[in-house]
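Below you'll find the structure, written out as structure tokens, and then a few comments.
Residue numbers (mature numbering (1 follows the signal peptide of the UniProt record, and there is no 0)): -25 to -1, 1 to 412.
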């Protein structure tokens, strides 16, 4: 296995090659009888073949992925070029590869719709029943309206807060636990009190992300895109939600400089949380492994606050295989192999990922540490409004989430009122939805 870190410039220059691999044990075969098939996968034929896997990492998942790739190589005799790039560069890099005619075999992505016409349908290789191996929420993000499965859901997330336990204890404020139910105002007031007592510069930090902002929208009872696939933003509720976040930024309870400094780019709030500049951080379970290794203080995951609704907002990472790669069959096989029960379980344990397979959700994953924190996040899934999973699965969500950050920034900067912000955002989301039909 070769492991490389690449920049967009290198990718555009054509030096990247995505990785993909195989699905079943050597010497066995699988086939299906779809209308476009059957496509037989001969796993014994992969020996000596080469593939690339374009990958972004959230932290500890990289070691887990390396270990899984090594097992795959040993089992099949194929070699995998694991190429790691920053998440912020993924879309640009992948688009450049496809445009230049050097599509990779496999990539880890957040939204497959951006490259739908370039992707392979996994049901053509593993049968129409293959999607049934995954949870309904995971499948909803991976198939089109006709049931074609263009991505394998590898891990799911749910947004939620972390707290600095040491800071709470120093401030004499009770630390929330897994059973805590608190309102949005209690959440803000508690964070502000801890920050004041411990002389932290902010009360709350959060990732600059349309997905994270969607958590607040959800808690105030609205969402970008409804279950019918149409724009669903309620004017009054969206104004309430965005006003609540803007109030934090204008009052200094959240760093306005940090937020606006990101522009329209994703920016993680983990650095100010780790630097103990804020006692509360809204992010998700992908941070657990990194915090367990490097946090200089005691911390814990806690339930989301409630306004009109409770819970967080979901996200899904997926593995996709490209039809114009050099080894397309190897690509789909690799993605399937990585997400078999035993392999996904092992990756989840090390990476602190939430499983996407029905059997693993039912049986639970035995995390080696911080199991209580992971269970807090798992508990938030049931508290999250079901429409949010439809929102996250929409082909228009990525564009709508980007528009949310861009338009909200104008409101934060004083360039428009909250009423105009929401009105303009609704118009933009409506256009984005129509463009994806």
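Note that beta-carbon positions come from the ideal geometry of N, C-alpha and C, so glycine has one too. No experiment lies behind these values; they were computed from the predicted model shown.
- Non-local beta-carbon contacts of residue 370 in its own chain, meaning distances under 7 Å to residues more than five positions away in sequence, involve 88, 411 in chain order.
- Using a Cβ distance threshold of 7 Å, residue 203 and residue 263 do not count as a contacting pair.
- The Cβ-Cβ distance between residue 169 and residue 140 does not fall below 7 Å.
- Residue 319 and residue 267 have their C-alpha atoms some 21 Å from each other.
- Collapsing the DSSP output to three states places residue 299 in coil.
- Residue environment: residue 338 is assigned as exposed (fewer than 16 neighbouring CB atoms within 10 Å of its CB, all protein chains considered).
- Taking 7 Å as the cut-off, the beta carbon of residue 191 is found closer than this to the beta carbon of residue 216.
- Assignment of residue 25 by DSSP, reduced to helix, strand and coil, places it in the strand class.
- The three-state reading of DSSP puts residue 288 in coil, since its state is none of H, G, I, E or B.
- Bridge partners of residue 276 according to DSSP: 137.
- In this structure the region 348 to 367 does not lie against the region 77 to 84, because fewer than three pairs of beta carbons, one per stretch, are closer than 8 Å.
- In the structure shown, residue 400 falls within a helical segment according to DSSP collapsed to helix, strand and coil.
- In this chain, residue 161 is not harboured by any beta strand (DSSP E); it is covered by the alpha helix (DSSP H) spanning 159 to 173.
- When DSSP states are grouped into helix, strand and coil, residue 258 belongs to the strand group.
- If you draw a straight line from the Cα of residue 90 to the Cα of residue 74, it comes to about 11 Å.
- The three-state secondary structure of residue 180, taken from DSSP, is strand.
- Distance from the CA atom of residue 123 to the CA atom of residue 279, rounded to whole angstroms, is 34 Å.
- For residue 48, same chain residues with a beta-carbon under 8 Å away, outside a window of 5 residues either side, are -25, -5, 54, 55 in chain order.
- Bounds of any beta strand (DSSP E) do not take in residue 32, whose DSSP letter is neither H nor E.
- Under the three-state reduction of DSSP, residue 315 is assigned to coil, being neither helix nor strand.
- In the DSSP assignment, residue 332 falls outside any alpha helix (DSSP H), carrying neither H nor E.
- For residue 83, the beta-bridge partners assigned by DSSP are 294.
- For residue 54, the beta-bridge partners assigned by DSSP are 25.
- At a Cβ-Cβ threshold of 7 Å, residue 327 and residue 260 count as neighbours.
- Distance check between residue 65 and each of 240, 368, 178, 22 places 240 closest, using alpha-carbon atoms only.
- Listed in chain order, the non-local C-beta contacts of residue 33 below 6 Å within the same chain comprise 261, local neighbours out to five positions each way being set aside.
- Counting the other CB atoms within 10 Å of its CB gives residue 235 a total below 16, which places it among the exposed residues.
- A straight line joining the alpha-carbon of residue 362 with that of residue 22 spans about 45 Å.
- Comparing alpha carbon positions, the residue from 70, 52, 84 closest to residue 62 is 84.
- Here residue 14 carries a coil assignment [DSSP, helix/strand/coil].
- Counted as a single uninterrupted DSSP element, the alpha helix (DSSP H) harbouring residue 216 occupies residues 210 to 226.
- The region 237 to 252 makes contact with the region 376 to 392; the number of CB pairs closer than 8 Å reaches 3 or more.
- Within the same chain, and ignoring the five residues on either side of residue 356 in sequence, the residues whose Cβ sits closer than 6 Å to its Cβ are 133.
- Residue environment analysis places residue 86 among the buried positions, since at least 16 neighbouring C-beta atoms fall within 10 angstroms of its C-beta.
- Annotated three-state conformation of residue 96 is coil, per DSSP.
- According to the DSSP assignment, residue 365 belongs to the alpha helix (DSSP H) that extends over 362 to 368.
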